[in-house]
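Chemist:
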Amino acid sequence: MLARLARGRRRRPPLEPREGAPGSVSVVVPARDEEHRIGPCLRALRADPAVAEVIVVDDGSRDRTAGVAAGLGARVLPGAPLPEGWVGKQWALRQGVEAARRETVVTLDADARPRPGLVGALAALLDDHDLVTVGPRFVCDGVAEQALHASFLATLVYRFGPVGPASPPPPHRVLANGQCMAFRRTAMRAADGFARVRGHLTDDVALARTLARDRWRVAFLDAGGLLEVDMHASAAEVWREWGRSLPLADVTGPAGRAADLAVVWLAAALPVARLALGRPTRLDLGLLAVRGLLTVALRSSYARPGPGLALSPLLDVATAVRLTQATVRPVRTWRGRTYPRGRTRPALTRPAPPAPPARTAGR
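Position in the sequence shown counted from 1, then plus 408, gives you the numbering used here.
(1) Can you tell me which of the three DSSP states R521 falls into?
(2) How is P491 classed by DSSP in three states: helix, strand or coil?
(3) Look up C588 in the DSSP assignment and give the residues it is bridged to.
(4) Since L696 and A555 should fall inside the 8 Å C-beta cutoff, what is the C-beta to C-beta distance between them, to a whole number of angstroms?
(5) The beta strand (DSSP E) with S434 in it runs from where to where?
(6) Buried or exposed for D536, please, with buried defined as at least 16 other CB atoms from any protein chain shown within 10 angstroms of its CB.
(7) May I ask whether a heavy atom of the ligand ADP can be found less than 8 Å away from the beta carbon of L656?
(8) Rounded to whole angstroms, what is the Cα-Cα separation between W499 and C449?
(9) Give me the Cα-Cα distance between A641 and A458, rounded to the nearest whole angstrom.
(10) Hey, which unbroken runs of the alpha helix (DSSP H) at 4 residues or more fall wholly within the region 637-688?
(11) Looking at C-beta atoms only, is the number of pairs between the region 580-591 and the region 527-543 that lie closer than 8 Å three or more?
(12) When DSSP labels each residue in this structure, what does E461 get in the three-state scheme?
(13) Using alpha carbons as the reference points, say which of D638, D611, V672, T689 lies closest to V659.
(14) Quick one: give me the first and last residue of the alpha helix (DSSP H) that P715 is part of.
(15) How many angstroms separate the CA atom of F546 from the CA atom of R707?
(16) For the putative contact between L669 and L731, defined by C-beta atoms under 8 Å, what is the C-beta separation to the nearest angstrom?
(17) G543 by DSSP, collapsed to three states: which one?
(18) Around the C-beta of D471, are 16 or more other C-beta atoms found within 10 angstroms, so that it is buried, or is it exposed?
(19) Look up P421 in the DSSP assignment and say whether it is helix, strand or coil.
(20) Tell me which residue opens and which closes the beta strand (DSSP E) that D536 is part of.
(21) Please report the Cβ distance between P578 and G416, rounded to the nearest whole angstrom; I am assuming they are in contact, meaning their Cβ atoms lie under 8 Å.
(22) For L685, count neighbouring Cβ atoms within 10 angstroms of its own Cβ and tell me buried if that reaches 16, exposed if not.
(23) Just to confirm my understanding: we take R523, look at its own chain, exclude 5 residues before and 5 after, and list those with CB closer than 6 Å. What are they?
(24) Helix, strand or coil for Y710, going by three-state DSSP, please let me know.
(25) Per the DSSP calculation, G627 is bridged to which residue(s)?
(26) What do you reckon, are the CB atoms on V437 and A474 nearer than 9 Å?
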């Protein structure tokens, strides 16, 4: 864990805003029941001259998502019926990429709030990378929500290190954030990436690891100054939804899951528990000090850091319990749909396509 945290000294700097070529990027937004959250995302994209079109793929919404998106100038694509074996988001993204008219494609979740210069910065990175994903700043509306969210976020850092590693990790340890991705349309269609991870609920990490095995150059960078995301409406939703996905249960083998849980329990949860019982060792106190320093570092991950951030270590035991629960019994429900268990890696065994051609500067 300490070795992973030490990588933060050499991580790549956060993204800086850049002006993209006018009308050079297609943005795809998969949306299901996002009537009340999609507005800020679409308004920001409409104001970006680099964005040629915004395609909202309406994934069977039961509210006014399609009408709101159309009213804000997006091209609304009614999603086709969900095929057997597919998770809704991957199916929506595949349809959106097929409909895109530009070679550079950025995908954004409906709850994302991009700032000027994000799209241009992502497009520029594709001169040196094949798939770019970024970490945002998170919007948390209450003390309890932020405390629980920060506790979950700390477990990601303990397991994988900070965002923006100086050198890429091996494919089986690649991390990604599906809330914001960028790639070349031709390369993604040739790889058929979304079809190859069609059964995964942890779709973003599954896609990044699958393509990294194909020798794609995958980058996961810090874009906190250019992107905010309002993921959840309450602490209960953080517990239910983020606790469901963060164990990465459908993209990590049994040994890897056990090792990751051991790190969370030994380095985060047990020191807090022993301190509460009045029996901390010197090692516990040292680990608690590290956790305090990490709490300070996580301030930059939140749009409005507050007292919830300082209280987050008190929830590390509960977070470890939730991650263990979701690892042992993975949840297959998302956005009102329940997906059957079964083969979760339907296409990782197919022959890998050739790696994308090397990019040239200015392409």
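Just so you know, even glycine gets a beta-carbon here, dropped at the ideal spot from N, CA and C. Small disclaimer: the values here were computed from a predicted structure and weren't measured.
Modeler: Concretely, from the data shown:
(1) One-based indexing of the sequence shown puts residue 521 at position 113. Strand.
(2) As a position in the sequence shown, residue 491 is number 83, starting the count at 1. Coil at P491, not helix or strand.
(3) As a working mapping, residue 588 is identified with position 180 in the sequence shown. For C588, which the question treats as bridged, DSSP gives the partners L516.
(4) Translated into positions along the sequence shown, residue 696 becomes position 288. Translated into positions along the sequence shown, residue 555 becomes position 147. That pair is no contact at about 16 Å.
(5) In the sequence shown, counting from the first residue as 1, residue 434 sits at position 26. Where S434 is concerned, the enclosing beta strand (DSSP E) stretches over 433-439.
(6) Mapped onto the sequence shown, residue 536 falls at position 128. D536 comes out exposed.
(7) Ligands displayed in this structure: none; no statement on the ligand ADP is therefore possible.
(8) Position 91 of the sequence shown, counted from the start, is the residue given in the question as residue 499. Position 41 of the sequence shown, counted from the start, is the residue given in the question as residue 449. So the two alpha carbons sit approximately 21 Å from each other.
(9) Looking up residue 641 in the sequence shown gives position 233. Looking up residue 458 in the sequence shown gives position 50. Looking at the two C-alpha atoms, the distance is approximately 31 Å.
(10) 662-672, 678-684
(11) yes
(12) Within the sequence shown, numbered from 1, the residue matching residue 461 stands at position 53. Three-state result, E461: strand.
(13) Locating residue 659 in the sequence shown gives position 251, where the first residue counts as 1. Answer by Cα proximity: D611.
(14) As a working mapping, residue 715 is identified with position 307 in the sequence shown. From DSSP, the alpha helix (DSSP H) with P715 extends over 715-719.
(15) Indexing the sequence shown from 1 puts residue 546 at position 138. Indexing the sequence shown from 1 puts residue 707 at position 299. Using only the alpha carbons, I get a separation of about 10 Å.
(16) On the sequence shown, residue 669 is found 261 positions in, with the first residue counted as 1. On the sequence shown, residue 731 is found 323 positions in, with the first residue counted as 1. So it is a contact: roughly 7 Å between Cβ atoms.
(17) By one-based count along the sequence shown, residue 543 stands at place 135. Strand at G543.
(18) Working through the sequence shown from its first residue, we reach residue 471 at position 63. Under this definition D471 is an exposed residue.
(19) Position 13 of the sequence shown, counted from the start, is the residue given in the question as residue 421. Reduced to three states, the DSSP call for P421 is coil.
(20) Within the sequence shown, the letter at position 128 stands for residue 536. No beta strand (DSSP E) contains D536, which DSSP labels as neither H nor E.
(21) One-based indexing of the sequence shown puts residue 578 at position 170. One-based indexing of the sequence shown puts residue 416 at position 8. Going by Cβ atoms, the distance from P578 to G416 rounds to 19 Å, so no, they are not a contact pair.
(22) Position 277 of the sequence shown, counted from the first residue, corresponds to residue 685. Exposed.
(23) Here residue 523 refers to the residue found at position 115 when the sequence shown is read from its first residue. Same-chain partners within the cutoff: L634.
(24) The residue you call residue 710 lines up with position 302 of the sequence shown. Three-state result, Y710: strand.
(25) Taking the sequence shown and counting its residues from 1, one reaches residue 627 at position 219. Residue identity check: residue 627 is Ala in the sequence provided, not Gly. According to DSSP, A627 bridges with V540.
(26) Taking the sequence shown and counting its residues from 1, the one referred to as residue 437 is at position 29. Taking the sequence shown and counting its residues from 1, the one referred to as residue 474 is at position 66. Result no, Cβ atoms of V437 and A474 do not sit closer than 9 Å.
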